[in-house]
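*Asks:*
Numbering (full-length UniProt numbering), first residue to last: 1 to 267.
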C-alpha cells in the first residue's frame with residue numbers, strides 16, 4: 001500500500017493592482033480577475049479593520065464575496081511582530097492555494113511598486129515552491145498624482161527618481177542635483193524637514209503635495225509651505241521638480257548612426 005499523501009494542486013497567486021484610489025483606474029485585466037472564480041484576499045492593518053484596497057473595489061460597485069479573507073499586516077517597526085504577521089499571512093495564503101483555487105490578493109496602486117504583494121509572494125513560495133504567480137500591473141500613485149496635479153513626471157530627456165522620504169534630507173538633497181523630478185513617497189514622518197530643505201534650495205514653488213490620490217479624500221496642495229506643522233496622511237507624496245538642475249551632455253550614438261546612414265544613402 002502506498003501511504004504517500006498526494007501533492008496538492010495549488011491555485012495561482014494573483015496580485016491584482018487596483019490603482020491608487022479611483023476605481024475607474026482599475027484595468028480591464030484587473031477587473032476580469034476580480035470577477036473570476038479566484039478567492040479574494042486583502043490587506044488590513046488590524047483584524048476586522050477597513051481595508052483601503054477593498055474600499056477601492058467596493059466603490060467600483062462590486063460586492064465583496066462572502067468567502068473573502070483578510071490578511072493582517074501591522075504598521076509596526078517591531079521586527080518580531082512583523083515576522084510573525086508575515087508568517088501567518090503566508091501560511092494562510094498557502095493553505096487557500098492548496099485547495100486548488102486561484103487566490104487574488106488586492107493591491108492598492110501597482111503590485112510591483114513598494115507593494116506588500118511581492119513580499120507575500122516570496123514568503124508563500126518559500127512554503128510552496130510550486131505555486132504559480134501572476135502580477136497584474138496597475139496605475140502607480142505617483143503617476144496618478146502627476147496627472148491630477150497637471151504636472152509632467154518627465155519630458156524629453158528629463159530624469160526621474162522615486163524614493164521613500166525616509167532616506168532622509170541628506171539623500172534627498174543629493175538627488176535633487178541628479179534628477180529633474182524627485183518623487184518622495186510616504187513623506188508624513190519627515191514633512192517639515194523636507195519642506196525646510198526645499199525652501200533652502202528655492203524649490204517650494206516647483207513642488208506639489210498629493211494625499212490619497214484618486215480617493216474621495218484626495219487632496220492636492222501646491223502651496224506646500226502651508227503644510228508646515230500639519231499631520232498628513234500616510235498615503236501622501238511630494239512631487240519635486242528642479243528646473244535649474246545642471247545637466248551633462250547627452251550621448252546620442254543612435255541618432256548619430258542614423259544620421260550617418262542617411263548621409264551614406266544620399267551620397
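Built from N, CA and C at the ideal position, the CB exists for glycine as well.
Since this is a predicted model, take the numbers as computed values, not measurements.
According to DSSP, what are the bridge partners of residue 185?
*Replies:* 164 and 237
*Asks:* The beta strand (DSSP E) that contains residue 42, what's its start and end?
*Replies:* In the DSSP assignment, residue 42 falls within the unbroken beta strand (DSSP E) covering 39-44.
*Asks:* Cβ atoms of residue 199 and residue 169: under 8 Å apart, would you say?
*Replies:* no
*Asks:* Suppose the cutoff is 7 Å on Cβ atoms and the five residues either side in sequence are ignored; what does the same chain contact list for residue 125 look like?
*Replies:* 131
*Asks:* From residue 29 to residue 38, what does the alpha carbon distance come to, in whole angstroms?
*Replies:* Between residue 29 and residue 38, the C-alpha separation is close to 13 Å.
*Asks:* Taking residue 53 as part of the alpha helix (DSSP H), name the residues at either end of that continuous run.
*Replies:* 52-59
*Asks:* Among 35, 81 and 145, whose alpha-carbon lies nearest the alpha-carbon of residue 235?
*Replies:* 145
*Asks:* To which residues does DSSP link residue 219 through a beta bridge?
*Replies:* 211
*Asks:* Whole angstroms is fine: what's the gap from residue 21's alpha carbon to residue 99's?
*Replies:* Their Cα atoms are separated by approximately 31 Å.
*Asks:* Among the residues of its own chain, which have a CB less than 8 Å from the CB of residue 136, if the five just before and after it don't count?
*Replies:* 14, 15, 16, 17, 27, 29, 30, 33 and 111
*Asks:* For residue 120 and residue 155, I'd like the C-alpha separation in whole angstroms.
*Replies:* Distance between residue 120 and residue 155, taken at the CA atoms: about 35 Å.
*Asks:* Determine the direct distance from the alpha carbon of residue 73 to that of residue 238, and round the result to whole angstroms.
*Replies:* If you take the alpha carbons of residue 238 and residue 73, they lie about 25 Å apart.
*Asks:* Can you give the beta carbon distance from residue 184 to residue 172, rounded, assuming they're within the 8 Å contact cut?
*Replies:* Right, their Cβ atoms sit about 7 Å apart.
*Asks:* May I ask you to report which of helix, strand or coil DSSP gives residue 151?
*Replies:* coil
*Asks:* Does the Cβ of residue 202 have 16 or more other Cβ atoms within 10 Å, making it buried, or fewer, making it exposed?
*Replies:* exposed
*Asks:* Three-state secondary structure (DSSP) at residue 17?
*Replies:* strand
*Asks:* Any idea what DSSP makes of residue 93, helix, strand or coil?
*Replies:* helix
*Asks:* Are residue 133 and residue 50 close, meaning C-beta to C-beta below 8 Å?
*Replies:* Between residue 133 and residue 50, the CB-CB gap reaches or exceeds 8 Å.
*Asks:* Among 245, 113, 241 and 230, whose alpha-carbon lies nearest the alpha-carbon of residue 152?
*Replies:* 241
*Asks:* Within 10 angstroms of the Cβ of residue 36, are there 16 or more other Cβ atoms? Answer buried if so, exposed if not.
*Replies:* exposed
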